[in-house]
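Under the numbering used here, the first residue of the sequence shown is numbered 1, with each subsequent residue one higher. Where a beta carbon is used, it is the ideal one built from N, C-alpha and C, also for glycine. Scroll down for the structure; my scribbles are underneath it.
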Amino acid sequence: MQQHIRRRRPCRFGLILAATVVLGGCANGDQSASAAGSAKEAAGYLAPAQRPQTIGVLPPAPQAGSARYEADRQIFKATRQLQGTPRWTLATSDADGATPAMLRGFSCAVGVPLDAAQLPRLVNLLDRAGADADHVNTPVKQANRRQRPFQIDDGAVCQPKPQLAKSFDYPSGQATLGWTIGLILAELAPDRATGIDLRARAYADSRVICGAHNYSAIEAGAMNASIVVAALHASPAFRHDVESARRELAAYRQSPAAMDAGQCTAEKALISTTPY
């Protein structure tokens, strides 16, 4: 088994609106379709019998001809207009579901540059929780077998289509992961909870903007994540690691390092409104 922190060339976090590019993208391939990179390589907290069966909770994927199905199609078509915009660039960057990349993405929301190498307890917590999110999400995907939006209507996608086509649309694994991480980070840094939750929503929005997922899939992902995190709190090991990561993050936040205020203001402006 590989280590839970993958070796990647660092991605310089940067976000400037107007005439410049947003967040130089580090993602390649379809890391989101494999439900989040390094998280899959870690052992989760929940034994198989403890994993919530969310297929009994989530609504089934929309069927052809239904109002939800047609709404998904219209949102996909409308958001293709975002290709080439700063929000498209952010969606491309957000496709990297490895824990170090996700932490970089939440840096503005938390208020400090989140460096995975300096936060091993937090990384362990998120990797393991992410593995549980994937274990819960995968059976629901397999049961619904929903096509991705670009397989229904033609349109640009921010990731390679052949890679995305290897897995199903509903629920979105990346939306589930983004919300799982966001909910945990909000618990660890409650004074930053609103901004963290907004960034989690933006991760989900990015999947629609990218064209990798339908809107219904990210809605289901948010619901999935809330169920997973609730189940995780029944695990003594999870609760122990939450407290350990809480202390680590609190000490780390005392560092003089801070995010660039203008950069974070620009990011908030970019993600505050949904594109649909």
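- Here the C-alpha atom of alanine 131 lies approximately 24 Å from the C-alpha atom of alanine 250.
- Collapsing the DSSP output to three states places serine 272 in coil.
- In the three-state reduction of the DSSP assignment, cysteine 210 falls in the helix class, which pools H, G and I.
- Inclusion of glycine 178 and alanine 200 in the CB contact set at 8 Å is warranted, their separation being smaller than that value.
- Sorting Glu267, Pro59, His135 and Gly65 by C-alpha distance to the C-alpha of isoleucine 196 places Glu267 at the top.
- Annotation: histidine 135 to threonine 273 spans about 31 Å, alpha carbon to alpha carbon.
- DSSP places serine 107 in the uninterrupted alpha helix (DSSP H) bounded by 107–110.
- Taken through DSSP and simplified to helix, strand or coil, serine 235 comes out as coil.
- By the C-beta density criterion, lysine 141 is buried, having at least 16 other C-beta atoms within 10 angstroms.
- No residue range can be given for isoleucine 55, since it is assigned to no alpha helix (DSSP H) and is classified by DSSP as neither H nor E.
- Of Ala175, Asn124, Tyr276 and Gln163, the smallest CA-CA separation from asparagine 137 is found for Ala175.
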